[in-house]
Structure formats: structure tokens, C-alpha cells
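A.B. asks:
Residue numbers (the numbering used here): 4 to 107.
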């Protein structure tokens with residue numbers, strides 16, 4: 004995944020003014036309920052932003068910090084987190100359901 008898929012595309016008008024701002028309408032920073040698939044395969048930039056969203060309900064957009072209305076984040080992964088860097092995010096999920104693979 005790339006950050007644009009979850010947090011929205013960069014604003015081209017803002018880039019012309021040397022500002023790094025995302026257009027978040029319709030993306031995770033403006034959602035109240037969200038589903039993220041393969042959450043533990045995301046890159047570190049996405050994981051750090053997700054941790055801020057879940058922990059503090061904020062999203063850093065450009066020079067500003069925006070409050071996020073997120074109330075419920077559901078995530079899925081085919082593999083459990085295998086590194087210590089992922090433990091912080093994994094610990095934020097209150098309910099964990101492990102499902103065995105479907106056999107033939």
C-alpha cells in the first residue's frame with residue numbers, strides 16, 4: 004500500500020505553494036468506521052500514521068494536526084505481526100479473532 008490509498012492524494016495546489024497537504028475527503032482521516040486489509044504489510048509511514056489515528060485520534064496533514072472522527076477500526080491480516088515495530092499497533096486492537104485457513 005501507499006499512503007495515498009488510505010489518507011488521500013497530495014494536493015497539487017498546495018505543492019505549488021511548497022506545502023505538503025493531503026486531500027482527505029472520502030479517506031481514512033475523515034472516516035468514523037474503517038476497514039484496513041493486510042495492515043501489518045504496510046510501510047512504516049503508514050503504520051506511524053495509523054498509530055497516531057488510533058492512539059490520539061489525530062492526523063498530521065501538512066503543518067497542521069487534524070482531529071479524526073474515527074470510532075472503530077477493523078483490520079485484517081493473513082499473517083500475525085512478526086516484528087517488534089508492529090507490536091505497538093497490534094496492542095491497540097481490543098478484539099482479536101484468529102481464523103484457521105479453509106482447507107480443501
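For each residue, glycine too, the CB sits at the ideal point set by N, CA and C.
Could you check if residue 5 is buried or exposed, using at least 16 other CB atoms within 10 Å of its CB as the buried criterion?
C.D. replies: When all chains shown are included, residue 5 counts as exposed.
A.B. asks: Name the two residues that bound the continuous beta strand (DSSP E) containing residue 61.
C.D. replies: Run containing residue 61: 61-64, per the beta strand (DSSP E) assignment.
A.B. asks: Assign residue 77 to one of three DSSP states: helix, strand, or coil.
C.D. replies: It is a strand residue.
A.B. asks: Nearest to residue 65 by CA position, among 43, 42, 52 and 74, is which residue?
C.D. replies: It is 52 whose Cα lies nearest to the Cα of residue 65.
A.B. asks: Hey, would you say residue 31 sits closer than 7 Å to residue 54, going by beta carbons?
C.D. replies: For residue 31 and residue 54, no; Cβs fall outside 7 Å.
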